[in-house]
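Residue numbers (this note's numbering), protein chains in the order written: chain A, 1 to 189; chain B, 1001 to 1122.
Notes follow once the structure below has been shown.
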């Protein structure tokens, strides 16, 4: 079977080796924002020239932004680019000491607060209240299903070592007939 | 999620190119990463356009070395996005001198892929 790769770093490592792969990974990491801008423009189905027209900037500027290193992109540039494709720029600050599990907990509280905000917004409007209740129930169901799947995957599975020898019942005609009779009796119950 | 798949003759070509033009090869692979990101974000291959993406016959794309500092050599990485299987085929790589052969080689490589898609027996 032909080997498939999920990332260019992994792909490079396999063909050119570790050193080149590390160089590529470093270069890619320096351009995470410009890569995202490029992907968002393509998803929006706009050419560089079309986006430039919408954002009232030159096409050269769009091209430069899509090739720039993160440290050379200004917030103003990001706002202009995002507005042209109907996106909102969101900036977040996170304590570097936060672990992944802390972040999951934080997300849970955020989700709870957002649902609460939604409920408060709908208060007094029966139609909206009904919609919010329906949405909350749907969200609850989907989240539980997703979490249940995570829980199943997270379970530590202990492989039972196969026994060196297995003694099964001898297979003869009587055994099969008896099995048949027992099953028939079960079905008639 | 899209996956990268390489042709059997890519390794040799890419190694040779990396030996002669390391900066250009690195830039092309960075551009490949960008292209893959756009696909994974849900962009239609038709809409993935930029100055460094050249459209060749049969849906083949050639990614160039844009991003290389100085006066780079003209190099190309030939790819083919197979939408039905979500496989991004990385076919071959070369410079200006091998461009004609590289395009023909790429067209030959994707021919059976296209026939398979249209239900023809190969």
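Where is the CB? At the ideal position from N, CA and C, for every residue including glycine.
Query, Result
"Positions along the region 33-51 of chain A whose CB lies within less than 9 Å of some CB in chain B", "34, 35, 36, 38, 39, 40, 41, 42, 43, 44, 45, 46, 47 and 48"
"Residues within the region 1045-1063 of chain B neighbouring chain A, beta-carbon criterion of under 7 Å", "1047, 1048, 1049, 1050 and 1051"
"Continuous alpha helix (DSSP H) stretch holding residue 59 (chain A): start and end", "59-67"
"Cβ of residue 1070 (chain B) within 8 Å of any chain A Cβ", "no"
"Short-range partners of chain B found in the region 2-32 of chain A, where Cβ spacing is below 9 Å", "2, 3, 4, 5, 6, 7, 8, 9, 10, 11, 12, 14, 15, 16, 20, 23, 24, 27, 28 and 31"
"Cβ-based contacts, 8 Å cut-off: residues of the region 60-80 of chain A near chain B", "63, 66 and 67"
"Cβ shell of residue 1068 (chain B) (< 6 Å), same chain only, five flanking positions each side left out", "1023, 1024 and 1027"
"Residue 1121 (chain B) versus residue 91 (chain A) - alpha carbon distance", "Below a pLDDT of 50, predicted positions are generally treated as unreliable, and residue 1121 (chain B), at 44, falls in that range; no measurement from the model is reported."
"Contact set for residue 1016 (chain B): own chain, Cβ-Cβ below 7 Å, skip 5 residues either direction", "none"
"CB contact check: residue 1029 (chain B) to chain A, cutoff 8 Å", "yes"
"Residue 1006 (chain B) (DSSP reduced to helix, strand or coil)", "strand"
"Residue interval of the alpha helix (DSSP H) (run including residue 1087 (chain B))", "Element bounds for residue 1087 (chain B): not the alpha helix (DSSP H) but the beta strand (DSSP E), 1087-1095."
"is_contact[residue 1023 (chain B), chain A] using C-beta, thresh 8 Å", "no"
"Burial state of residue 33 (chain A) (16 or more Cβ within 10 Å)", "buried"
"Distance cut-off 7 Å: residue 1113 (chain B) Cβ against heavy atoms of the ligand ATP", "With respect to the ligand ATP, the structure offers nothing, as it holds no ligand at all."
"Three-way DSSP call (helix, strand, coil) for residue 1043 (chain B) in this model", "coil"
"DSSP state of residue 4 (chain A) mapped onto helix, strand, coil", "strand"
"Residue 18 (chain A) versus residue 7 (chain A) - alpha carbon distance", "14 Å"
"Interface flag, residue 1020 (chain B) vs chain A, CB-CB below 8 Å", "no"
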